[in-house]
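Heads up, the sequence shown is in my numbering, so the first residue is 1 and it goes up one at a time. Here a beta-carbon is modelled for each residue, glycine too, at the ideal position from N, C-alpha and C. Below: the structure, in structure tokens.
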Amino acid sequence: MTQLSSDEWFDILAFHAEAGVDVALADAPIDRFAESAAEASAPRQPAGAGLRPDTPPAAQAARQAASGAASFHGAPAPASAAHSAAPHAPDEAALAAREAVGAAMDLDALRAIMEQFEGCALKRTASRLVFADGNPQARVMFVGEAPGREEDQQGLPFVGRAGRLLDLMLASIGLDRTSAYIANIVPWRPPGNRTPTPQETAICLPFIRRQIELANPDIVVCLGKPSAQALMNSTQSISRLRGHFVDYETGTRTIRAIATFHPAYLLRAPIGKRQAWQDMLAVEAALKQGAE
């Protein structure tokens, strides 16, 4: 059996807490699928079954009518509760995000729009929006995947173990958080630190695209496969995407973009640090070339 670290156990517990599981009801797990199958195979009771013999006729009629209405609509929950809990359709939410970002004339306005946006279900489980860190006037912008537990708690990207490694990567080419701008494709933490779904990424993509456009860096560094695939519009692996510059179009300007391994991956697979170092040297050379 795989041994989990304390951080991994914490993430598992946090995932269940965020999903609404806050109390254990039994010592042994209950097979709800078996219960559902048994209920489906059980014979249906006739209308009025289960009513006491002395139930007044008016009450019997009311209960039977309510039962019939619930069966007809296919949902026992009140309509108002169902409406408040129903998420937006992903395509509608992505369209709403694209329309909303058009009103953002600066980064502060964009952040305010994202704070008010309700189209991404991740917002309901995250503690707060993780918008950005660093210097928005910097010439280089680093874009990761999504916040983790510590980022969600502090409201800043890359502040956990991966963030400390990113700081070392920046320092290796003479940068720090005052000379770099840092954000994520998805600004809300997925429960349990899971990978964002393609639908969640698509919903949030207009926000990071507008954020890049408003920050207007000379270079964008995509940290990890999800960021690289989303911004470079590719399905290739990070091993194929990393290490070379491509053109990224903001709509008003062409920016040079390069992909490299995510710091969290490098913590798990240190063998990739040599290639990541080569990518950082390429970023350093491009910054020097642009400054000449």
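Among the residues of its own chain, which have a CB less than 8 Å from the CB of residue i, if the five just before and after it don't count?
i    : result
A103 : A109 and I113
L129 : R111, M114, E115, K123, G155, P187 and W188
D296 : Past the boundaries of the shown model lies residue 296; the chain is included only from 1 to 292, so the question cannot be answered.
L281 : I173
S234 : A228 and L241
T201 : I185, V186, P226 and A230
L4   : I12
P196 : L122, E145, A146, I185, V186, P190, C204 and P226
A285 : none
G251 : E213
A100 : I113, F117 and P206
D106 : L214
S6   : none
Spatial neighbours of residue i within its chain, please: C-beta separation below 7 Å, excluding the five flanking residues on both sides.
i    : result
L267 : R161, A162 and L165
I182 : A132, D133, G134, F142, P157 and F158
A138 : S179, A180, Y181 and P217
Q278 : G243
I203 : P90, A93, A94, A97, G119 and C120
K225 : S237 and I238
V283 : V140, I173, I219, V221 and I258
A264 : A162
L170 : D176 and A180
R209 : none
Locate the beta strand (DSSP E) running through residue i, then write down its first and last residues.
i    : result
A183 : Y181 to N184
D218 : Run containing D218: none; DSSP gives neither H nor E here.
D247 : V246 to E249
A257 : T254 to T260
Is there a C-beta anywhere in chain B that falls below 7 Å from the one on residue i?
i    : result
I255 : No chain B appears in the structure shown, which is made up of a single protein chain.
How far does the alpha helix (DSSP H) with residue i in it extend, from its first residue to its last?
i    : result
L201 : Residue 201 is actually Thr in this sequence, not Leu. First-last of the alpha helix (DSSP H) with T201: P198 to A215.
G163 : R161 to S172
R139 : No alpha helix (DSSP H) contains R139, which DSSP labels as neither H nor E.
I30  : No alpha helix (DSSP H) holds I30; DSSP gives it neither H nor E.
I238 : I238 to L241
D91  : P90 to V101
E151 : R149 to Q154
A112 : L107 to Q116
P191 : No alpha helix (DSSP H) contains P191, which DSSP labels as neither H nor E.
A264 : P263 to R268
K225 : K225 to M232
Excluding the five sequence neighbours on either side, which residues of its own chain have a C-beta within less than 6 Å of the C-beta of residue i, listed in chain order?
i    : result
N126 : Here residue 126 turns out to be Ala, not Asn, going by the sequence shown. Closer than 6 Å at the Cβ level, and outside the excluded window around A126, lie D152, W188 and R189.
A215 : P136, M141 and Y181
P272 : According to the sequence provided, residue 272 is Gly. The question's Pro does not apply to it. F261 and L266.
C222 : V143, A228, L231 and A259
G290 : D218
E150 : V159 and G160
Under 8 Å by Cβ, that's how I've got residue i and residue j pegged, so tell me the actual separation to the nearest angstrom.
i    : j    : result
I238 : F207 : I238 to F207, Cβ: 22 Å. No contact.
G148 : S227 : Contact flag wrong, Cβ pair sits at about 14 Å.
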